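Below is one structure; the comments refer to it alone.
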């Protein structure tokens, strides 16, 4: 389930009373894993949001903790077979967990920049407020 939480406008250009903005859309969703390969699911999410920043949080149990890299970023903590992620970059999580099978749930926060075009009258009401 995708939930849209927040939309912010960032001015980019103004040309002949037309304003072009980049709209930052924030989406969140949850993905459950029931003893399935993480790599395939995480790569599918990365492809779906290829031009976005995706952060991953949650806790999963993995089958092969000995196969994890010896040096992990602070956003990824390992306790036995349990891996906890706190706002880890999706691409970083893929490189660490690519060959793991997992049980658990991960939350994804996606930040998408979308071009938006507004005429000057509408943009004044947004900028002026």
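In my numbering, the protein residues as written are 185 to 313. Note that beta-carbon positions come from the ideal geometry of N, C-alpha and C, so glycine has one too. In this text, all values refer to a predicted model and were calculated from it rather than measured experimentally.
Nearest residue (CA-CA) to residue i, options the options
i, options, result
"residue 265", "298, 249 and 285", "249"
"residue 286", "224, 275, 294 and 257", "224"
"residue 291", "221, 244, 220 and 219", "244"
"residue 288", "210, 207, 209 and 221", "221"
"residue 251", "230, 281, 231 and 229", "281"
"residue 216", "255, 230 and 226", "226"
"residue 218", "293, 246 and 254", "246"
Under 7 Å between C-beta atoms of residue i and residue j
i, j, result
"residue 241", "residue 269", "yes"
"residue 272", "residue 262", "no"
Distance, residue j Cα to residue i Cα
i, j, result
"residue 213", "residue 279", "21 Å"
"residue 298", "residue 210", "11 Å"
"residue 295", "residue 239", "9 Å"
"residue 267", "residue 274", "14 Å"
"residue 229", "residue 293", "11 Å"
"residue 166", "residue 232", "Any property of residue 166 remains undetermined from this structure, which presents the chain solely from 185 to 313."
"residue 207", "residue 234", "17 Å"
Integer-rounded CB distance, given that residue j should sit under 8 Å from residue i
i, j, result
"residue 276", "residue 257", "6 Å"
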